[in-house]
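Per the working numbering, the sequence shown starts with residue 4, numbered consecutively.
Each residue gets a CB set at the ideal place from its N, CA and C atoms; glycine is no exception.
The structure displayed is predicted, hence computed values, not measured ones.
Single-structure report; data block below.
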Amino acid sequence: KYRTELNAASYERLSKAHPETKKQITKVGRFTITDAIFSGPVVISGEDYPNITTIVDFAFDQSGGCVRPTTVTISGAFPELQTIGEAAFNNYEGKLTISGVFPKLHTIGQSAFYYGGTADSSIEFNGLPELQTIAVQAFTYYEGKLTISGNFPNLHTIDARAFSETGNDESSVTLNEIGSLSEIYNNAFDKFKGTLTISGDASSLTFIGSNAFLQAGDSQSSLVFKNAIIETLSISANAFEGFRGEVAVGG
């Protein structure tokens, strides 16, 4: 663990380490712990740490009032990152900046960014071809700018309240090529702020939960579920109530 994990105890040492040593790091560990010895800004770049596979559960979770890094910046290409763990940035109270390339990311965990960051935070995911699951409350109450775009051929689940009351007016979520998407759970995009666009073959879609898109999006938003099979698609009460853009299901 000492040699493969970047955390509060190892950050300063590893920041000054040889590039080959940094390449041995495979995990982003806990930074918010009661006895943390490091509380400065954290910068994690793909150039320095190209072999990170996971950001562990509760990595920057601040729900217990722990010492925290002043800011967290994660940027660059992370060709091996597969999971952002449960509550990884839950209640983190500093500025959060995430951008880069994450070709193997398959899971954004429960409450990963729940109440995370500040109003001037920014999270940008462009192209997540292996993403399978956006878990319960993954981005709920995140109030910074959120940008997600690209093709999502392996995405099968958008869980309850995943994007509920998320983002700001500059935020946008664009999900194309959704051929594997089977379930959009209750309140998934409830009151999402910004532009919401979902488009593609929806023949695998079987469930859209209650209030899934309640008062979500803006006038530029659109939901186009092409080839949805009406006979096997369950659409719950108020699924699209108050959605501010256009909706098309089937055809």
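_For a test of the three-state rule: what should DSSP assign to Thr73, helix, strand or coil?_
coil
*Could you tell me if Asp123 is buried or exposed, where buried requires 16 or more neighbouring beta carbons within 10 angstroms of its beta carbon?*
exposed
*Do Thr100 and Thr121 come within 8 Å of each other at the CB atom, strictly closer than that value?*
no
*DSSP three-state call for Leu217: helix, strand or coil?*
coil
*Give the C-beta separation of Glu133 and His109 to the nearest angstrom, bearing in mind that I take them to be a contact with Cβ-Cβ under 8 Å.*
5 Å
_Applying the 10 Å Cβ sphere with the 16-neighbour rule, what's the burial state of Pro44?_
exposed
*asked:* For Gln223 and Ala215, what's the separation of their Cα atoms in angstroms?
replied: 18 Å
*Identify whether Ser18 lies in helix, strand or coil by the three-state DSSP scheme.*
helix
*Would you kindly check if the distance between the Cβ of Glu244 and the Cβ of Leu226 is under 8 Å?*
no
*Closest to Glu173 by CA distance: which of Phe128, Ser213, Ala138, Asp221 is it?*
Asp221
*Report back the beta-carbon spacing between Leu158 and Ile126 to the nearest angstrom; my notes put them in contact at under 8 Å.*
About 17 Å; that fails the 8 Å criterion.
_Candidates Arg247, Phe105, Val252: closest to Ser207 by CA position_ = Val252
_Minimum length 4: unbroken alpha helix (DSSP H) runs contained in the segment 93-149_ = none
*So is Thr24 buried or exposed if we call it buried at 16+ other beta carbons inside 10 Å?*
exposed
*When the Cα atoms are used, what is the spatial distance from Asn189 to Thr200?*
18 Å
*asked:* For Tyr117 and Thr136, which I take to be in contact (beta-carbon distance under 8 Å), what is that distance rounded to the nearest angstrom?
replied: Not quite, the Cβ-Cβ distance comes to about 16 Å (not below 8 Å), so this is no contact.
*Where do the N-terminal and C-terminal ends of the beta strand (DSSP E) with Ile3 fall, by residue?*
Limits of the chain in this structure are 4 at one end and 254 at the other, which puts residue 3 out of reach.
*Gly97 beta carbon less than 8 Å from that of Phe81*: no
*Within 10 angstroms of its Cβ, does Ile232 collect 16 or more other Cβ (buried), or is it exposed?*
exposed
_Status (buried if at least 16 other CB within 10 Å, exposed otherwise) for Arg71_ = buried
_Option in Ala163, Asn129, Leu131, Ile151 with minimal Cα separation from Val139_ = Ala163
*Taking the DSSP output, what are the residues bridged to Leu158?*
In DSSP, Leu158 forms no bridge with anything.
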